[in-house]
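The opening position of the sequence shown corresponds to residue 1 in the UniProt record's numbering, with each subsequent residue numbered one higher. By construction, the Cβ of each residue, glycine as well, lies at the ideal position given by its N, Cα and C atoms. It should be emphasised that the depicted structure is a prediction, and the values quoted were computed from it without experimental measurement. Worksheet: one structure, shown below.
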Amino acid sequence: MLGTSPVAQLGIPPLASQAVPCLLASCFVPSVFDRLNCCRWQVEDMLGIPRVMGDATSLPTGKVTLHGGAQKGKANASPTSSSTPNSMSLMYSPENAEGERYEKYSFGPIARVYHAAACLDISGKILLAGSETSYGNETTLPPGMSPSLTAPLEYRLEFAVPREIGPGSNRPIILSAPASIIPDRVFNVKFLYTGGPLYGASIVAPCASTHSLNINQRVIILEIVQTLPGGFVQIAAPPADLFGKAALGYYMLFLLGQGGTYSEGVWLQMVPP
């Protein structure tokens with residue numbers, strides 16, 4: 001990468017190289033960012049479930065699902081690099097107290113290991129696709145998992161449905177929304193919801209997922225200014241100084257209901273004034 005690093009710009013001396021043990025059942029998450037510490041890290045136990053090459057997907061509510069990967073080995077394409085596909089998805093709730101943020105969420109019947117991808121769909125579901133090393137994992141599939149019919153590649157697609165929007169859930173419905181919004185301004189959305197007052201709204205950047213990284217993933221929670229007559233809600237667009245997090249471009253808009261529910265999304269574009 002060209003240019004001066006953020007650490008150098010802050011006047012922070014580089015850290016000495018250290019050997020760090022790899023704990024597959026632990027997760028390192030960034031905590032507080034301030035002018036003296038580039039990043040502080042917390043180590044969180046992922047319920048004792050080992051995982052390498054998993055895919056994390058941010059939901060419109062700010063929660064994060066963790067899906068797929070392997071329980072043994074390392075991240076690599078070699079059939080001997082990893083084994084025992086991970087069949088248990090986890091949900092991470094960042095606002096919960098430390099030690100209470102992870103919960104077991106659902107069983108994944110198809111191995112999603114090297115070159116698998118997970119993306120939030122406009123429906124609010126999570127699209128799961130791919131896996132390139134099925135030949136190395138067929139003999140170590142956990143009970144209940146389905147072997148690939150086209151090994152070593154996996155062509156089957158799945159929709160993972162968060163339980164908050166599963167069958168029987170009362171979801172907000174977006175009836176109409178503007179095609180574009182402008183930072184620092186408000187906009188109106190027509191909606192239908194019988195589950196009580198809306199909890200909020202959010203915009204989510206389009207997915208760009210590969211190699212267990214969703215590098216374009218951003219969820220921005222928006223403030224509801226007021227509910228208007230005629231089934232409209234007035235929402236505040238992100239502030240203009242939220243550069244990098246709310247860059248100009250396309251987003252999916254979601255309305256957030258009670259109990260962690262959320263609507264299907266609609267596409268809109270953030271444009272300059």
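In this structure, 62 is the residue among 62, 72 and 215 with its C-alpha nearest to the C-alpha of residue 94. Around the beta carbon of residue 196, fewer than 16 other beta carbons sit within 10 angstroms, so the residue counts as exposed. Two segments are said to touch when three or more pairs of C-beta atoms, one from each, lie closer than 8 angstroms; by this definition the segment 143 to 155 touches the segment 124 to 132. In chain order, 123 and 124 place their CB closer than 6 angstroms to the CB of residue 264, counting only its own chain and leaving out the 5 sequence neighbours on each side. Looking at the backbone, the Cα of residue 74 and that of residue 115 are separated by about 13 angstroms. At a cut-off of 3 residues, the continuous stretches assigned as beta strand (DSSP E) that sit fully inside the segment 104 to 148 are 117 to 120 and 126 to 129. When DSSP states are grouped into helix, strand and coil, residue 164 belongs to the helix group.
With contacts defined by Cβ atoms closer than 8 angstroms, residue 209 and residue 45 do not form a contacting pair. Taken through DSSP and simplified to helix, strand or coil, residue 259 comes out as helix. In this structure, 142 is the residue among 142, 97, 102 and 104 with its C-alpha nearest to the C-alpha of residue 112. Its chain contains 129 as the residues whose beta carbon lies nearer than 6 angstroms to that of residue 157, once the 5 sequence neighbours on both sides are disregarded; these appear in chain order.
Taking 8 angstroms as the cut-off, the Cβ atoms of residue 270 and residue 248 count as close. Here residue 146 is exposed, its C-beta having fewer than 16 other C-beta atoms within 10 Å. For residue 211, there is no enclosing beta strand (DSSP E), as DSSP marks it with neither H nor E. Secondary structure note for residue 189: its beta strand (DSSP E) is the uninterrupted segment 186 to 192.
Counting the other CB atoms within 10 Å of its CB gives residue 239 a total below 16, which places it among the exposed residues.
Considering only 223, 230 and 168, the residue with the shortest C-alpha distance to residue 237 is 223.
Comparing alpha-carbon positions, the option among 49, 127, 72 and 268 lying closest to residue 204 turns out to be 268. A residue is called buried once 16 or more other Cβ atoms fall within 10 Å of its Cβ, and residue 170, having fewer, is exposed. Residue 98 counts as exposed, since fewer than 16 other C-beta atoms from the protein chains shown sit within 10 angstroms of its C-beta.
Residue 65: member of the beta strand (DSSP E) spanning 64 to 67, first to last residue. Residue 53 and residue 230 have their C-alpha atoms some 48 angstroms from each other. Residue 172 is a Cβ neighbour of residue 198, given a cutoff of 8 angstroms.
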